[in-house]
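Q: Numbering (this note's numbering), first residue to last: 304 to 461.
Structure (structure tokens):
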């Protein structure tokens, strides 16, 4: 027997739906913000150490750039796995704790979810790459036998 779905949280009052119109949003790249373990790369623990500072600036929301596992050939936008956290930044418990700590200070958290492309290391890409032409997996991506098909598109990976 399956467990029933949890009751969704109530919707915010109507005046809060447009919160973003007056928000002060701080865009943040974890890897370059604050390094708590002194390995040279920012991390969620370092970010949590600076939440009071961010709140004191008058910020009302933090926009998180991608923090998923990635080879980082595209600064983390080339996501290899959407359900994890890049090991340099911490783990999912750190993410959850960060969100809880941000909310405790009245800060909203916006997570940038890149869904228009993946890393070539992503399982979907690997399945598509090895699937025969015409298969459903192959349709997940745009393929070309020539680099002249999309001449108006900026391609950064060759």
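Here a beta-carbon is modelled for each residue, glycine too, at the ideal position from N, C-alpha and C. If you're wondering where the values come from, they're calculated on a predicted model, not measured in any experiment.
Cβ of residue 412 within 8 angstroms of Cβ of residue 367?
A: In contact: residue 412 and residue 367 (Cβ atoms closer than 8 angstroms).
Q: Specify whether the stretch 337-354 and the stretch 395-411 touch according to this definition: at least 3 beta carbon pairs, one from each stretch, less than 8 angstroms apart.
A: Cβ pair count under 8 angstroms is three or more, so yes.
Q: Quick check on DSSP: helix, strand or coil for residue 418?
A: Reduced to three states, the DSSP call for residue 418 is coil.
Q: Among 455, 451, 408 and 414, which has the Cα closest to the Cα of residue 356?
A: If we check each option's Cα against that of residue 356, 408 comes out closest.
Q: According to DSSP, what are the bridge partners of residue 412?
A: For residue 412, which the question treats as bridged, DSSP gives the partners 365.
Q: Taking the alpha-carbon positions, what's the residue 331 to residue 415 distance?
A: Residue 331 and residue 415: Cα-Cα distance of roughly 10 angstroms.
Q: If you check the beta carbons only, do residue 369 and residue 424 fall under 8 angstroms apart?
A: Not a contact, by the Cβ cut-off of 8 angstroms.
Q: Buried or exposed for residue 389, going by 16 or more other Cβ atoms inside 10 Å?
A: Under this definition residue 389 is a buried residue.
Q: Between which two residues does the beta strand (DSSP E) holding residue 328 run?
A: From DSSP, the beta strand (DSSP E) with residue 328 extends over 328-331.
Q: Using a Cβ-Cβ cut-off of 8 angstroms (strictly less than) and excluding sequence neighbours within five positions of residue 406, which residues of its own chain qualify?
A: Cβ within range, chain order: 412.
Q: Would you mind stating whether residue 387 and residue 371 have Cβ atoms separated by less than 8 angstroms?
A: Against a cut-off of 8 angstroms, the Cβ pair of residue 371 and residue 387 comes out as a contact.
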